[in-house]
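In the numbering used here, the protein residues as written are 845 to 1089.
For glycine and all other residues, C-beta sits at the position ideal for the given N, C-alpha and C.
Everything numeric in this text was worked out from a predicted model, so none of it was measured.
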Ligand code: DX5
Ligand code: ZN
């Protein structure tokens, strides 16, 4: 995998909402590839976040693609509102959607990119039938609903399996990961085959600001040779930093 082609998608869930426009502009200046917007309804996940009006405001201040992560019970019902507000792509969950193929076709009929997300406890085989129809797959590396949760390490073999399925069925499809992505796990997930990384708290909550945080992630992505030299996966930031010394 060419490390230069790894995309970063800052998740605004951890941004300072009183200064959202500035935070997104900073991420754009720092080389963000898209902005990840977590839509939650308090039903599909135990948290409530934002709706189309915020997307409309974001559309006015950034040229970056706006990616909607739909953690809501009835995504179909809201698609056109979000498209009108300026959304470019939709990640919809396999879980709880009895008509996933229909949802994906609706997104495409609206002229937008479609992706399917799976939770940590969901088997990757559920993607098999829908893979030819999607532009992205999102493997959740935490349980959806909140930022700042620890990365679930046993999602790594699943990322590998999804990567192989993508190669076989739809090589153009992106393999995205979301949850607990920092300098250590960015590396691990890229080594497992991910090529789009969503990161919230490690970008917007970081000391030193958005730009420095994104540079740190890029450096981590580009140093996978250091990881490979050890021949071992890392399980903590301390272990990773020790290896750098
Ligand atoms: C969680 C969301 C994530 C969240 C990630 O349900 O889907 O996009 O913002 O936050 P971090 O990067 O802090 O784990
Ligand atoms: Zn998300």
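Residue i vs residue j beta-carbon contact at 8 Å
i           : j            : result
residue 982 : residue 954  : no
residue 850 : residue 1065 : yes
residue 854 : residue 880  : yes
Distance cut-off 7 Å: residue i Cβ against heavy atoms of ligand 1
i            : result
residue 937  : no
residue 898  : no
residue 861  : no
residue 1022 : yes
Beta-carbon contacts of residue i that lie in its chain and below 6 Å, excluding the five residues immediately before and after
i           : result
residue 857 : 882, 991 and 1044
residue 861 : none
residue 929 : 896, 899 and 900
Residue i Cβ short of 7 Å to ligand 2 heavy atom set
i            : result
residue 1042 : yes
residue 997  : no
residue 913  : yes
residue 925  : no
residue 855  : yes
residue 932  : no
Among the options, nearest to residue i - alpha-carbon criterion
i           : options                : result
residue 875 : 864, 852, 944 and 862  : 852
residue 912 : 1022, 1053 and 1056    : 1022
residue 941 : 888, 925 and 1036      : 888
residue 897 : 1035, 880 and 925      : 925
residue 959 : 952, 944, 949 and 978  : 978
residue 966 : 899, 859, 1005 and 890 : 1005
residue 948 : 880, 1054 and 921      : 921
Sequence-distant residues of the same chain with beta carbon closer than 8 Å to residue i, five excluded per side
i            : result
residue 885  : 892, 915, 916 and 917
residue 1024 : 985, 986, 993, 994, 995 and 996
residue 1009 : 968, 971, 972 and 975
residue 1089 : Any reading at residue 1089 needs caution, since the residue's pLDDT is 33, under 50, leaving its predicted position unreliable; the model's value is listed next. Answer for residue 1089: no residue qualifies.
Contact set for residue i: own chain, Cβ-Cβ below 7 Å, skip 5 residues either direction
i            : result
residue 909  : 878, 932 and 933
residue 1038 : 1003, 1019, 1020 and 1021
residue 1082 : Legend: pLDDT at residue 1082 = 43, less than 50; position of this residue unreliable, value from coordinates given subsequently. Once the five neighbours on either side are set aside, residue 1082 has no close Cβ partner at all.
Below-8 Å beta-carbon distance, residue i vs any chain B residue
i           : result
residue 953 : Among the protein chains of the structure shown there is no chain B, as only one such chain exists.
Residue i - partner residues in DSSP beta bridges
i            : result
residue 1022 : 984 and 1042
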